[in-house]
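Keeping their order, the protein sequence lines are chains A and B. Residue numbering for the first sequence follows this note's numbering, starting at 1 and increasing by one per position. Residue numbering for the second sequence follows this note's numbering, starting at 1001 and increasing by one per position. Note that the Cβ used here is the ideal one computed from N, Cα and C, for glycine as well.
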Amino acid sequence: MELSSTDLGLAARVQQLTKTYGAGESAVHALDGVSVGIRRGEFTAIMGPSGSGKSTLMHIMAGLDAPTSGRAWIGDTDITGLSDLELTILRRRRVGFVFQAFNLVPTLDALGNIMLPFDLDGRRPTALERARIDGLVERLGLTARLGHRPHQLSGGQQQRVAIARALATAPDLVFADEPTGNLDSRSGREVLALLAAATREHGQSIAMVTHDPVAASHADRVLFLGDGRIVADKARQSAEEISAYMLASELGTAAPTTAVPVAAVATAQVAS
Amino acid sequence: MTALVETPAERMPGPAASTALRRTPPLPWLRERGMGGSILVAAISSAFGAILLSATGFIGAMLKANPYIGDSETLAVVLVIMSFLLIGVAVYVASIVTANTFATVIAGRTRRIALLRLIGASARSQREEVGRQGLVVGVIGAGIGLAGGTLVSWAGVVLATRLLGLDGLDYAVVQPVLVIPAVVVALTTWAAAWAGSRRVLTVTPLQALGGSVEASHDAVARRGGRNGVAITLFAIGAALLAGGIVLGLLSPLGVVVAFFGGVFSFTGLALGATLVMPPVLRLVGRLFGRSATARLAAENALRYPERSSRMAIGVVMGVTLVTMFAVALETVKAVMIASGDGEAPAEMTTLVDTFAAIMMGLVAVAAVIAAVGLVNLLTIGVVQRRRELGLLRALGVSTGQVRRVVLLEAAHITIAATVTGLVLGIAYGWAGAQSLLGSVAVPPSWSSPTLVAPAVPWLPVVIIVAATAVLTLVAAVVPTRLATRVAPVEALAD
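Quick look at the structure:
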């Protein structure tokens, strides 16, 4: 008999996952036989340079994309054979998302965004859930912002609304994809501290994809991906240790994104 | 060092950048969503013009050839004036639709324009490019319409000659006059594209670097001046309408006053669409309930109040005109019955009904143009919302729910527009009939003046409502297909 995720204490896991784009000689193996579990009640960081397959791994784990082969579970549910509608409902009820940018529905105010998973299910939150949401809103400092629309909020506030929405349904697992990528370092630290606190205080399982060693240093566990494989699995690390490891293993540190030079050009333009 | 030497070349303003872009296939922008629809709008208007002018020309020739009617110069002139009025209405609706389409297309190009601005293109050169695109769209559309319209006219003339047995009648279909509507359409399309491209001037280079969130509501620019003009026009028009009805109780000339009242008040409404339509849209949105899909749809329809208002106002015009003729002629019958205190003569009724049917058919072309614009804009709206739809799918919105959102969005606009159009059409139609015939006495009882309530014929209303329902479904087909095909991962990766 196969062990279930619950027996293993896992919130999600994948087994022999491969994802191949294209065919023949031009085929690209984004994931190459990955087997890994995300432990329940832990804040896990998935690290790796661009093209290492970390986003693909997250997309498949979250039921946003289908693997070429292998299996994936959310809790005890094998999601690899689910229909589009079943996956949609699974994401709605059992998965939370915090993306790098464009997290919120622009036409809904902050509260509308937080309540979206319930509204889509056509139900009102129970008293217990309501209390949880109120607690989250207060903890995240959003009480005064509930009636604001996304474009009236700062980047940090938008990410906090996204976190509130992701945590509202107490999902099996929250996926965070570069949640601090668009934030200044102070707002970024706040967001990371909030995610870590959700794990500590509510036992929320979180998987965060990032290429930033500083962000990864907030996690309880760091998985390193390179060329579509898990190359290391380490307990909590400092940012320096993570950078040192990535340099040593030639995974490369966080490659500067294209935004940097463009921003520099813009500043020059504005100045001139 | 080489990089430094090359810098000046990169800074070359507008023309250089656009030449570079245009080196790839000819007019690649024509494939952009919305352009095909704009060409269709221009083609319909220009074809309508050609067909209408051919029809009046043919009828004129027919009358001239008929020895029993004799001098019918006046009738022919009246027919020509009426065709030009009808073409004017079609072109007017088409311009609004086209301006709106271009404004929407440009909203979607913001990032690209900003990038070109960043590289050094001037806002003016960017806008001029949009203007040129408008001219190309107009010329292509008008050309297609002219050719198609002439062909249909030729077939119609051949058919009519044979059916009516007018073998002696020699009518040349291809006439220089048919080019007039085509030229007008090409020019108005150009002008409409130019008017719709105003927004290019407000794009800043910084927008290329863009924050994470698009401003979701058009800051409806302070347009106090324009709104003031709209309100003034509407007030004057309403006063003239009321005056025309009162005067109509004394003399048939009341209809002239009422006519200008109608033109003024309706122009006021069209100009002030952004004042009138959003409250109606909001009201309709409330009818849909509070479910997540209904709320998303309702909010979307109001996201760009200006865009939705103009999308709706085209349909409002079509519905108003059709309803107006239906109600006017039904009310004419009612007035005659009230004045004569008996049945309206059968031949009179038939004549009035025929005239009503023809007029309704002719103004319905404006409604068709508005419908094309609606389909076009809904589609662009979905394309521009790809990323948002991806997000919604990731968060657990099923494809069925996406379909419902898009359908409700279309229904939102069509219902708001139809209700507004029906109300306006009933008011205008009644005012027209009442101001024309309020003073006229009819046998046998010759009572005058008569004041009747608006008579609303049920058949045209049923047809309008049914057509709206069909329009809603048709308008939602393409956008729904596009929207449900958005894969969450793909959209989020952009």
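- Of the residues assessed, methionine 1317/B falls on the buried side of the cut-off, its CB having 16 or more other CB atoms within 10 angstroms.
- One Cα belongs to arginine 1226/B, the other to threonine 1188/B, and the distance between them is close to 21 Å.
- As a beta-bridge residue in DSSP terms, histidine 29/A pairs with Thr20/A.
- For the stretch 1388-1401 of chain B, residues whose beta-carbon sits nearer than 8 Å to a beta-carbon of chain A comprise Glu1388, Leu1391, Leu1392, Arg1393, Ala1394, Leu1395, Gly1396, Val1397, Ser1398, Thr1399, Gly1400 and Gln1401.
- Residue contact with chain A for arginine 1303/B: present (Cβ-Cβ distance below 8 Å to some residue of chain A).
- Chain order gives the chain A residues near alanine 1292/B as Leu116, Asp119, Leu120 and Gly122, where near means a beta carbon separation below 8 Å.
- In the DSSP assignment, serine 69/A falls within the unbroken beta strand (DSSP E) covering 69-74.
- By the Cβ-count criterion, methionine 1348/B is exposed, with fewer than 16 other Cβ atoms from all chains shown falling within 10 Å of its own Cβ.
- Contact annotation for asparagine 1100/B against chain A: no contact, minimum CB-CB distance about 20 Å [criterion: below 9 Å].
- Threonine 1056/B counts as buried, since at least 16 other C-beta atoms from the protein chains shown sit within 10 angstroms of its C-beta.
- By the beta-carbon neighbour count (other beta carbons within 10 angstroms, threshold 16), serine 69/A is exposed.
- Taking a Cβ-Cβ cut-off of 8 Å, proline 1479/B has no neighbours in chain A, whose nearest Cβ is about 16 Å from it.
- Beyond the five residues adjoining it in sequence on each side, glutamate 1490/B comes within less than 8 Å, by CB distance, of Gly1390 in the same chain, given in chain order.
- When only Cα atoms are considered, glycine 1165/B and leucine 1351/B end up about 23 Å apart.
- Only buried fits serine 55/A, as 16 or more other CB atoms lie within 10 angstroms of its CB.
- The criterion of a C-beta distance shorter than 8 Å is not satisfied by valine 1423/B and proline 1479/B.
- With fewer than 16 other CB atoms across the displayed protein chains lying within 10 angstroms of its CB, alanine 27/A is exposed.
- Between the alpha carbons of isoleucine 1358/B and glutamine 1401/B lies a distance of about 42 Å.
- Within the stretch 182-208 of chain A, the runs of alpha helix (DSSP H) that reach at least 4 residues and sit entirely inside it are, in chain order, 185-202.
- Residues of the stretch 200-229 of chain A with a C-beta atom less than 9 Å from some C-beta of chain B do not occur.
- Alanine 1371/B and phenylalanine 1260/B have their C-alpha atoms roughly 27 Å apart.
- Checking the DSSP bridge columns, you'll see methionine 1348/B has no partner listed.
- When the alpha-carbon of alanine 1273/B is set against those of Val1315/B, Leu1115/B, Ala1238/B and Arg1290/B, the nearest one is in Val1315/B.
- Looking at the backbone, the Cα of arginine 39/A and that of glycine 9/A are separated by about 6 Å.
- In its chain, beyond the 5 residues on either side, Gly1149, Val1152, Ser1153 and Gly1156 have a beta carbon closer than 8 Å to the beta carbon of isoleucine 1051/B.
- DSSP places isoleucine 1087/B within a helical segment (H, G or I) once states are collapsed to three.
- Shown here, isoleucine 79/A sits in coil according to DSSP, grouped into three states, outside any helix or strand.
- Against chain B, the CB of valine 28/A has no partner CB under 8 Å away; the residue lies outside that interface.
- In this structure phenylalanine 1102/B is in contact with glycine 1134/B, their Cβ atoms being roughly 6 Å apart against a cut-off of 8 Å.
- Between the alpha carbons of serine 52/A and aspartate 84/A lies a gap of roughly 27 Å.
- Close to proline 1488/B, with beta-carbon spacing below 7 Å, are these residues of chain A in chain order: Leu64.
- Leucine 1178/B and methionine 1082/B have their C-alpha atoms spaced approximately 15 Å apart.
- DSSP places glycine 226/A inside the beta strand (DSSP E), whose first and last residues are 221-226.
- Glycine 1168/B and leucine 1063/B have their C-alpha atoms roughly 13 Å apart.
- As a beta-bridge residue in DSSP terms, alanine 176/A pairs with Val98/A and Met208/A.
- The C-alpha of proline 1252/B lies about 57 Å from the C-alpha of histidine 151/A.
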